[in-house]
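Take a look at the structure below.
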Ligand SMILES: [Zn+2]
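Take a look at the structure:
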């Protein structure tokens with residue numbers, strides 16, 4: 006008898022979970038963001054842990070919308086809208102130049118501790134760039150091919166150059182970026198793979214940028 010109860014309980018949980026996902030898919034379809042159902046199912050079966058970080062710079066909003074889209078996946082941890090000032094800086098400092106520095110503050114401390122605790126397969130950080138004309142990524146060399154594959158399907162053109170680095174099919178893996186004090190440098194020191202995505206916020210509409218990020222991230226978390 007006990008066995009049957011635990012059996013029913015187990016499937017009731019699963020049922021609720023799928024019911025929740027289905028409702029969630031429906032809502033997202035309503036606001037016309039195309040859902041990659043295959044990627045979501047793959048993700049449910051995937052034992053890897055992924056971290057998505059967005060909004061370190063408060064004036065780069067598309068990343069927050071994209072990150073929140075993945076919030077309820079069981080093996081994805083989302084830290085979105087970290088800098089709520091709507092400006093690049095927080096307390097006068099660029100939040101993505103103060104990781105592992107002497108004057109690192111709470112935001113950096115907390116985020117790094119959480120990531121160290123999770124020891125994820127990959128950390129994806131979402132940003133926007135108003136000085137480029139295309140989407141690009143900088144990432145750990147070991148995931149370069151995977152990132153290229155994800156970028157290949159982008160509806161936004163790929164940036165050829167970004168801040169002095171030439172991209173290879175939109176990817177920089179051995180360039181000047183990541184700069185000192187960035188989350189990416191801190192992850193590299195800890196041997197945690199990272200991929201940072203940048204969308205061209207001066208040239209493209211918000212919805213196109215958010216959708217592009219969702220599509221690329223969907224390919225990176227499978
Ligand atoms: Zn940024």
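In this note's numbering, the protein residues as written are 6 to 227.
Positions of the beta carbon are idealized from the N, C-alpha and C atoms, including for glycine.
Where residue i sits in the DSSP three-state scheme
i	result
residue 118	helix
residue 5	Past the boundaries of the shown model lies residue 5; the chain is included only from 6 to 227, so the question cannot be answered.
residue 82	strand
residue 89	coil
residue 216	helix
residue 193	helix
residue 36	Caution is warranted here: a pLDDT of 47 is assigned to residue 36, below 50, making its placement in the model unreliable, and the coordinate value is therefore given only provisionally. Coil at residue 36, not helix or strand.
residue 68	helix
residue 75	coil
residue 221	helix
residue 113	helix
residue 1	Residue numbering for the chain in the displayed model covers 6 to 227; residue 1 lies beyond these limits and cannot be assessed.
residue 42	helix
Identified DSSP bridge partners for residue i
i	result
residue 166	171
residue 199	128
residue 177	143
residue 59	131
residue 205	134
residue 98	95
CB contact below 8 Å: residue i versus chain D
i	result
residue 99	This model lacks chain D altogether, as it is built from one protein chain only.
If we count Cβ pairs, one from each stretch, closer than 8 Å, do we get three or more for the stretch 158 to 165 versus the stretch 93 to 100?
-> no
Which ranges does the beta strand (DSSP E) cover as unbroken runs of at least 3 residues, wholly within the stretch 130 to 162, from first to last along the chain?
-> 141 to 144
Sufficient close CB pairs (3 or more, under 8 Å) joining the stretch 102 to 113 to the stretch 132 to 146 | no
Count the C-beta pairs between the stretch 54 to 66 and the stretch 126 to 133 that are closer than 8 Å, then say yes if the count reaches three, no if not.
-> yes
Inter-stretch contact (C-beta, 8 Å, three-pair minimum) for the stretch 147 to 156 and the stretch 75 to 90 = no
Touching or not, the stretch 203 to 213 and the stretch 114 to 128, by the rule of three or more beta carbon pairs under 8 Å?
-> no
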